[in-house]
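Chains as they are written, first to last, in this note's numbering: chain A, 1 to 277; chain B, 1001 to 1456.
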């Protein structure tokens, strides 16, 4: 098996998992969500295999580097972190339907990597600036942070869709209680915030060892700080001002928009140190 | 509301509001966007070309061309800091007694009203049950406070009271790292130094102030080397540097990107490189083509060296390397120049500009000279920085991670177990708990304790 086969098949397996989750939601059948979860775990294992194989292949090509250095690899890893985090949450909270809005996100990230014709999927050697032990620490922590925010985004959407009236009988009434969704959004943001903080810090320490400056207001740095500000606002609103529900779910959505801009917008629209991914 | 409030009171009140925190964070987040869209620290003509004169004036008034150092941006950061300090003092003064009480007390009635309270009946003698529960609580939670009457026992235990400090750790970490940034900008510098191979210097150039700063030692660049992958992209930049102090060589070391040299508080980074403009090459390989038989031969020549060309083509002397080779009034930049003395005594000047490899074909002679390879001298571009504030920043980083961990994932938890004897070997037991955050986690803990007791 090659890494490209593993990752391509993971894309389809994730798609199937998303179909089962959505089906379970639409037809009100718990069993479909159970199957969806198993498929998601299989997809995640396949995704893991793909990343490890790509790592090994880079050694066989003589470059020997962690597979975290361009847009393609980061998207594949983003799917992986979201899948792992989601599996953990489903196991911990024992709620199945919450995968409805998360599983499509897991699929979308890897599908973008697999199907965008402009995506460079080749294994290329590392630029001198990226040759550092901080690469792995920085990328892993940042993407765990992004994954936390993405999953919380999925839960925030759920919050809007869930009917506020308990007696409602639409498909949406099947979703977990509003209190639990609120709690899940918060937990995911706390997780994301901690890892975004560590991600910014590792990036900053790395920058100091590569360029002699721990902070230089590069667009990527600045946007990650903007994202950090938005989620800091979220945390203060919730803990100190008692915000809850819809209003707070909106802040979470704005935060995720900032994440998306930090991730994609900066690379495509602005210039800076992170042009490689 | 209160007319007796003095101005300092009002200022204090202004700075201890969380609303101020939120507005400041929103302003910081929104204004930070400008600096990612508008070019920072550019030249005035770049702004004039992009935005025109009207908008350029707006940019200048608000320092948007260097907005992260603009007075209003720094003012926002100062407001945030004062806000943090005032809020922390205000809140600590009220929570201090909660965090460090003289004696731990609890209100059993409060626990009886809790939603997560679980009650059930056990077929056990109440003293034995109390003993088991006390052991369990000591093991899982901490020291147990036990209040006993004739047929009932109330046991209280808590853990993580100190974690209430976590949030203050996070906030002080922000102050610490901003202090580090301030120290860095006051006592540090960021300079550049371009060194030709073989050249020595003892000062770095600071672009911002257009001045130089003395390093306290000299740096000599012994060698610079770029390695490429077979794809043609650069794999490694390496400079070999020797540090010279008081006229003596101290040590020699290699620096690469991501592997700087740190010496006496000064950091030396591999930053850029280029072809040397001042030191000239003294040796090069020339390829000389004989047009009559189309044979070409390579010669390694030193400046000043003379050779006899085969087939009686004459004598060639490599005269010099020129930085500005003048060809009919035009500057063709770097070039080797030489003299070809033909057999018949005719003397021809030959210029070989590096930028135009096939230049000598234009001479239309019997021979064509080309520069095949030359011992090109490079310069290495070093970034030289000093930042005495960096350790404060790093300490701030560590505190921030620790503080976030404590604040988000640890909590102050208190548990109460109440056991009442109903019959000789039957007792009612109820368990409840409270925490300063994460009621969901608390419910799970109560469940798990209940199951543990039932399992006995």
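Ideal placement from N, C-alpha and C gives every residue a C-beta, glycine not left out. None of the values given here were measured: they were computed from a predicted structure.
Identify whether residue i lies in helix, strand or coil by the three-state DSSP scheme.
i, result
"residue 1223 of chain B", "strand"
"residue 138 of chain A", "helix"
"residue 1 of chain A", "coil"
"residue 64 of chain A", "coil"
"residue 95 of chain A", "coil"
"residue 1257 of chain B", "coil"
"residue 1104 of chain B", "coil"
"residue 1024 of chain B", "helix"
"residue 265 of chain A", "helix"
"residue 1114 of chain B", "coil"
"residue 1317 of chain B", "strand"
"residue 1270 of chain B", "strand"
"residue 1464 of chain B", "Residue 1464 of chain B cannot be examined here, being either before or after the span of chain B that is shown, 1001 to 1456."
"residue 1229 of chain B", "coil"
"residue 1192 of chain B", "strand"
"residue 200 of chain A", "helix"
"residue 1290 of chain B", "strand"
"residue 1298 of chain B", "strand"
"residue 1415 of chain B", "strand"
"residue 1159 of chain B", "strand"
"residue 173 of chain A", "helix"
"residue 1452 of chain B", "helix"
"residue 1248 of chain B", "strand"
"residue 104 of chain A", "helix"
Looking only at its own chain, which residues have a Cβ that is under 7 Å from the Cβ of residue i, when we skip the five neighbours before and after it?
i, result
"residue 1443 of chain B", "1116"
"residue 120 of chain A", "70, 72"
"residue 247 of chain A", "none"
"residue 136 of chain A", "66, 68"
"residue 1338 of chain B", "1316, 1317, 1318, 1319, 1350"
"residue 1458 of chain B", "The question about residue 1458 of chain B has no answer, for chain B in this structure spans 1001 to 1456."
"residue 1257 of chain B", "1237, 1270"
Applying a beta-carbon distance threshold of less than 8 Å, which residues of chain A neighbour residue i?
i, result
"residue 1022 of chain B", "233, 236, 237, 241"
"residue 1385 of chain B", "212, 213"
Which chain B residues sit within Cβ distance under 7 Å of residue i?
i, result
"residue 210 of chain A", "1257, 1258"
What's the call for residue i, buried or exposed, on a 16-neighbour Cβ count within 10 Å?
i, result
"residue 59 of chain A", "exposed"
"residue 1044 of chain B", "exposed"
"residue 1447 of chain B", "exposed"
"residue 242 of chain A", "exposed"
"residue 1454 of chain B", "exposed"
"residue 1001 of chain B", "Caution is warranted here: a pLDDT of 49 is assigned to residue 1001 of chain B, below 50, making its placement in the model unreliable, and no coordinate value can be reported."
"residue 117 of chain A", "exposed"
"residue 156 of chain A", "buried"
"residue 238 of chain A", "buried"
"residue 1197 of chain B", "buried"
"residue 1228 of chain B", "exposed"
"residue 130 of chain A", "buried"
Quick one: residues in its chain with C-beta nearer than 6 Å to the C-beta of residue i, no 5 flanking neighbours on either side, listed in chain order?
i, result
"residue 1080 of chain B", "1024"
"residue 43 of chain A", "10, 13, 14, 17"
"residue 253 of chain A", "156"
"residue 1415 of chain B", "1141, 1157, 1433"
List the residues of chain A whose Cβ lies closer than 7 Å to the Cβ of residue i, in chain order.
i, result
"residue 1413 of chain B", "By Cβ distance, chain A contributes nothing, its closest Cβ being about 17 Å from residue 1413 of chain B, past 7 Å."
"residue 1026 of chain B", "233"
"residue 1269 of chain B", "211, 212"
"residue 1163 of chain B", "Simply none; closest approach about 14 Å."
"residue 1029 of chain B", "226, 229, 230"
Is residue i near the ligand SAH, going by C-beta to nearest heavy atom under 7 Å?
i, result
"residue 1077 of chain B", "Among the components modelled here there is no ligand, and therefore nothing to report on the ligand SAH."
Could you work out which residues of chain B lie near residue i, taking near to mean beta carbons separated by less than 8 Å?
i, result
"residue 197 of chain A", "1400, 1401, 1404"
"residue 132 of chain A", "1258"
"residue 201 of chain A", "1397, 1400, 1401"
So, for residue i: in the same chain, excluding its five sequence neighbours on each side, which residues have a beta-carbon less than 8 Å away from its beta-carbon?
i, result
"residue 1215 of chain B", "1202, 1203, 1204, 1266, 1384"
"residue 231 of chain A", "149, 189, 192, 193, 196, 255"
"residue 275 of chain A", "Only weak support is given to the placement of residue 275 of chain A: the predicted model assigns it a pLDDT of 49, under 50, and the question is left unresolved by the model."
If contact means a Cβ-Cβ distance below 7 Å, which residues of the segment 1231-1246 of chain B contact chain A? If the cut-off is 7 Å between Cβ atoms, the segment 1231-1246 of chain B has 1231, 1233, 1234, 1235, 1236, 1237 near chain A.
Below 7 Å between beta carbons is the criterion; list the residues of the segment 1169-1192 of chain B that meet it against any residue of chain A, in chain order. 1190
With 7 Å as the C-beta to C-beta threshold (strictly closer), list the residues of the segment 206-230 of chain A near chain B in chain order. 208, 209, 210, 211, 212, 213, 214, 217, 219, 222, 223, 225, 226, 229, 230
Looking at chain B, which residues of the segment 181-192 of chain A have a Cβ within less than 7 Å of any of its Cβ atoms? Result list: 183, 190.
Residues of the segment 137-165 of chain A whose Cβ lies closer than 7 Å to any Cβ of chain B, in chain order: none
Give me the subset of the segment 95-121 of chain A whose CB atoms are less than 9 Å from a CB atom of chain B, sorted by chain position. none
Check each residue of the segment 37-61 of chain A: if its Cβ is closer than 8 Å to any Cβ of chain B, include it; give the result in chain order. Among the residues of the segment 37-61 of chain A, none has a Cβ less than 8 Å away from any Cβ of chain B.
Residues in the segment 1436-1455 of chain B having any Cβ partner in chain A nearer than 7 Å: Within the segment 1436-1455 of chain B, 1440 place their CB atoms closer than 7 Å to a CB of chain A, listed in sequence order.
Could you run through the segment 1031-1056 of chain B and flag, in chain order, every residue whose CB is less than 8 Å away from some CB of chain A? 1032, 1033, 1035, 1036, 1037, 1040
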